[in-house]
Each structure stands twice: as structure tokens, then as C-alpha cells.
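Student: Below is the structure I would like to discuss, written out as C-alpha cells.
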Amino acid sequence: MDEPSQGANLPTIMASDVDSPLLSPTHMQGMSALRRASDSALHQGLRPPTSVQQHRLTLPPMRLQLSIPARRSIHLVDTKSADVDAGSESTADSPVISTPSSSVSSPISGVVDLSAHVTTTSSYAVAHGGLSDIYMGQWTQGPGVGGISEDIPVAIKLLRVFPAKDQDGAHARKKLNREVYVWHRLKHPNVVELFGTSYHMAGRPAMIMKWYRHGSAAHYLSHEGVGANKLSLILDVSRGLEYLHTLPKPIVHADLKGNNVLITDEGHAALCDFGLSQVVEDLGRPAGLTLSSPSMGPLRWQAPELANEDETPRLSSDVWSFACTAFELLTAQHPYPHCKRDMQVMQSMQNHVKPSGNSLATIIVIHADIGALLDDCWSFDPLTRPNMTQVRERLEAMCQSH
């Protein structure tokens, strides 16, 4: 497969711009996105909160209320595209996937509504972020062979929004349906698996995901994974992002950072949350808890060209964010660690100061090649940044020689 050029007009279709859910997440609007909350729920390692203010929404163990018949099969596919998956080839004249339902109260075509099969096992949210509350639950799957049902631990990611009743809210929910539909169809070891959805939990949309007991990469590396191979985890991230970028309809992640990288039971990294933050803002004002610190918002991970609000995220801007995430995992520091405020970050970008600040020399001491790779990814000219296949190949060579 030919690699897409980083600077060209890429065949990347933003889900918010089309009526059919082609494989791409909703884009963020330039530097205005710095005011969006960074969803750091799993950064806390999925531990119970310690104060009353942290869990205003509490739920007893419950089965999600079902207002419509649930679909029991986990392999529901739109009959118009039954032989098409996220990575399949398609012709230029035909859509990759047919349009899912835009109804808020009905399952998304091709995505399972698990409301009748998922039960919360925590009476309070075990973690919080700027955009969601995470509950632990179990998904009763089956009965399977021998009539035996299987209980699978899951994370119930409850988006912190009030259902909007106006027309704009309905449009935003339609965009959310598209994002979920795209995510559900992605199959890669370095991409978080989305099992299904529920729109009937506390009146808010929820995504049912695999439970990652290690939490985010940042939490993992500062706790039980202190001795983990950081270079190997960064390679995992590059493989997941390369997968998104090299699909027939490439996906721009648009929100890559350490909190959106989870650690599997086997100790590998997997990407999650493709562009959900903009959709959540469109759904309605986040309710309940305080948003993430504005001094550590997504601006620190965003490419400088997105300061122009007419610019939308591209594959090349993901490459910049990848390098910021790699820096974060290597050093346990946020990008631009010398800046306390977003305004200082913006000034640094305008002065062509790279996200490592004065820390790149430290990285070069650890591994000279990865220091050079990050420097290339942080080119202020998007056209000169490597693509993710080139990044992955360089990282593989480093891991083999390290």
C-alpha cells in the first residue's frame, strides 16, 4: 500500500463533514481546542476516588435499563456492507460503510447495544476525567457452548453530558454515533477494543470497553510498570497510529496523548478515544465534576499549525502529537515542561521552541536515535515530518539494537 503524503490533500474524510460514516473521527477546531478538557480518567489507574466531591454521580450495582430490544449478537453488521471491514479495500465510487442510525435511543447499525447484558459492579465511578466517568462492570455474554454464559469485566465509560434536546444536540449525537461506529469496527492489537454502547444509563451515552486493569500508560509507568521497556511501549503506539493512518480511508486520531494510551494485560500499549472530546462538547455542557487543569490541556500535545482555526488535524499533526506522547512516556513530563501556562506554551510555539524544551539532551543521553526521531517529528514544517510507517520502522530498528 502506498503511504499517504503528510502534506498533501489527504483522502481523510472527517465524520462531521459527511453523511456517510467513512473512517475518520470528528476534527477539532484549531487552537480553540485548548479549552477542551483532557479526558484523563484512566490516568488515575482506575482507583476509587477518595473524596465526596470526586463522585457526585453514584450508582448502585444495576443492570442498564433497556428501552428497546437489545441485539444479542456481538457481530452485527449492516447488510449493505456485510463483507466490508475497517481495513478492507474499497472503490473510489462507493462508500466504505453505509450510514448508521442517527437515533439517540436506538442502537447504532452495526454496533451492539449492550444495555440488557451489562451490569455495573462498582457503586461509584472508579475514575474520572474531564469528559467521562468510568464504572467497572461485567458483560454477560452467551449462552455459548454447552449453554454456559461468560462474564467479561468491562469498563463503562459514561460521557459526562446532559442530553441536548435542541436540533444542534441531535446533530452532535449523530456525530457521536458515527465516531462510535468507526471505533467499533477497528481491529488491531494496539487499538482499544470497543464492545458496544448503551444510551440508557443515567440518561447519558456510555461506551462499553474492554477493562484495562493497568490503566493509562502514564499511570502504569509510574507504578507497577516502573521497569517496563518504554521504547517497546512507544513502538506499540506507533503501530496503532500507523494502522489508523494507512487504512483505505485514513483516520486522524486528533487527540493523542499519554492518557489516551492504555496498557493491556500483556503489557502492550493500545490507543483509545479518537476525537471524542469535540463531540462531547457539541453534545452539551459537561456536567458534575471540575474539568481538567487548563494548564495541562491538549494544547501541549497539538501541532503548532493548528493555531490557525481554519486548519484541521491531519496525519502530520498526529505525528507531532505522537512525539509529544513519546516524550511524556520517556520522561514522565508533559510536553513543554518549562511552561506553567497555556499562554507560555503558545509563545514557545511561536518562537519555534520544541516541546522538549531543554530536556531533549536528556533523551539523547538515554538513546540518541530516539532523540533524533522526536526532533524530526517536531519539525515546524508539517511537510518535512516523517509519516508513521517511517517512524515505526525507525523505532523497530532501535528496539532491535537496544
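All letters in the sequence shown, in the order written, are residues 0 to 401 by numbering that gives the first Met the number 0.
The C-beta atom is built at its ideal place from N, Cα and C for all residues, glycine as well.
Could you tell me which residues DSSP pairs with residue 134 in its beta bridges?
Tutor: 155
Student: Label residue 387 either buried or exposed according to how many other C-beta atoms from any shown protein chain fall within 10 Å of its C-beta, with 16 as the threshold for buried.
Tutor: Classification of residue 387: buried, given that the 10 Å Cβ count is 16 or more.
Student: Can you give me the start and stop residues for the beta strand (DSSP E) that residue 262 sits inside?
Tutor: Element bounds for residue 262: 260–262.
Student: What do you get for residue 197, buried or exposed, if any count of 16 or more other CB atoms within 10 angstroms of its CB means buried?
Tutor: Buried, by the Cβ-count rule.
Student: Are there three or more Cβ pairs, one per stretch, closer than 8 Å when the stretch 256–272 is compared with the stretch 207–218?
Tutor: yes
Student: Contact between the stretch 187–194 and the stretch 234–241: three or more CB pairs below 8 Å?
Tutor: Yes: the two stretches touch, three or more of their Cβ pairs being nearer than 8 Å.
Student: Beta-carbon within less than 6 Å of residue 210's beta-carbon, same chain only, minus the 5 sequence neighbours each way: which residues are those?
Tutor: 152, 153, 154
Student: Have a look at the DSSP bridge pairing and note the partners of residue 150.
Tutor: 139
Student: Run through DSSP, which three-state label would residue 203 get?
Tutor: strand
Student: Kindly indicate which residue of 138, 265, 340, 249 has the alpha-carbon position closest to the one of residue 415.
Tutor: There is no way to answer for residue 415, as the model of the chain reaches only from 0 to 401.
Student: Buried or exposed for residue 142, going by 16 or more other Cβ atoms inside 10 Å?
Tutor: exposed
Student: CA-CA distance, residue 290 and residue 232?
Tutor: In this predicted model, residue 290 has a pLDDT of only 29, less than 50, meaning its place in the structure is not dependable; the value taken from the coordinates is given anyway. Near 28 Å, if we compare the C-alpha coordinates of residue 232 and residue 290.
Student: Write down the C-beta distance between residue 243 and residue 252 rounded to the nearest angstrom, noting that I regard them as a contact closer than 8 Å.
Tutor: 6 Å
Student: Who are the near neighbours of residue 206 in its chain, counting only those whose CB is closer than 7 Å to its CB and skipping five residues on each side?
Tutor: 156, 179, 193, 196
Student: Out of 353, 130, 201, 247, point me to the one whose CA is closest to residue 333's CA.
Tutor: 353
Student: Taking the C-alpha atoms as reference points, what is the distance between residue 308 and residue 377?
Tutor: One C-alpha to the other measures close to 20 Å.
Student: Quick one: using the 10 Å Cβ neighbour count with 16 as the cut-off for buried, is residue 301 buried or exposed?
Tutor: buried
Student: Quick check: the Cα distance between residue 55 and residue 381, rounded to an integer number of angstroms?
Tutor: Its pLDDT being 35, under 50, residue 55 is placed unreliably by the model, and the measurement read from it follows with that caveat. So the two alpha carbons sit approximately 43 Å from each other.
Student: Rounding to the nearest angstrom, what Cα-Cα distance links residue 338 and residue 114 in this structure?
Tutor: C-alpha separation (whole angstroms): 44 Å.
Student: Quick check on DSSP: helix, strand or coil for residue 324?
Tutor: In the structure shown, the three-state DSSP call for residue 324 is helix.
Student: Using the rule of at least 16 other Cβ atoms within 10 Å of the residue's Cβ for burial, across every protein chain shown, is residue 264 buried or exposed?
Tutor: exposed
Student: Output the residue ranges of the beta strand (DSSP E) runs that lie fully inside the stretch 232–263 and measure 3 residues or longer, sorted by chain position.
Tutor: 260–262
Student: Going straight from the alpha carbon of residue 336 to that of residue 400, what length do you get?
Tutor: 30 Å
Student: Assuming residue 362 and residue 329 are in contact, meaning their beta carbons sit under 8 Å apart, how far apart are those beta carbons, in whole angstroms?
Tutor: Residue 362 to residue 329, Cβ: 6 Å. Contact.
Student: Would you mind stating whether residue 325 and residue 373 have Cβ atoms separated by less than 8 Å?
Tutor: yes
Student: By the DSSP assignment, the beta strand (DSSP E) with residue 268 in it spans what residues?
Tutor: Counting along the chain, the unbroken beta strand (DSSP E) around residue 268 starts and ends at 268–270.
Student: Is residue 209 helix, strand or coil when you go by DSSP?
Tutor: strand
Student: Tell me whether residue 398 is buried or exposed, calling it buried when 16 or more other Cβ atoms sit within 10 Å of its Cβ.
Tutor: exposed
Student: Beta-carbon separation of residue 204 and residue 185 under 8 Å?
Tutor: No, the pair does not count as a contact, with Cβ atoms beyond the cut-off.
Student: Could you give the DSSP three-state label for residue 344: helix, strand or coil?
Tutor: helix
Student: Is residue 402 helix, strand or coil when you go by DSSP?
Tutor: Look at the range of the chain in this structure, 0 to 401, and you will see that residue 402 is not part of it.
Student: Buried or exposed: residue 317, going by 16 or more other Cβ atoms within 10 Å of its Cβ?
Tutor: Residue 317 comes out buried.
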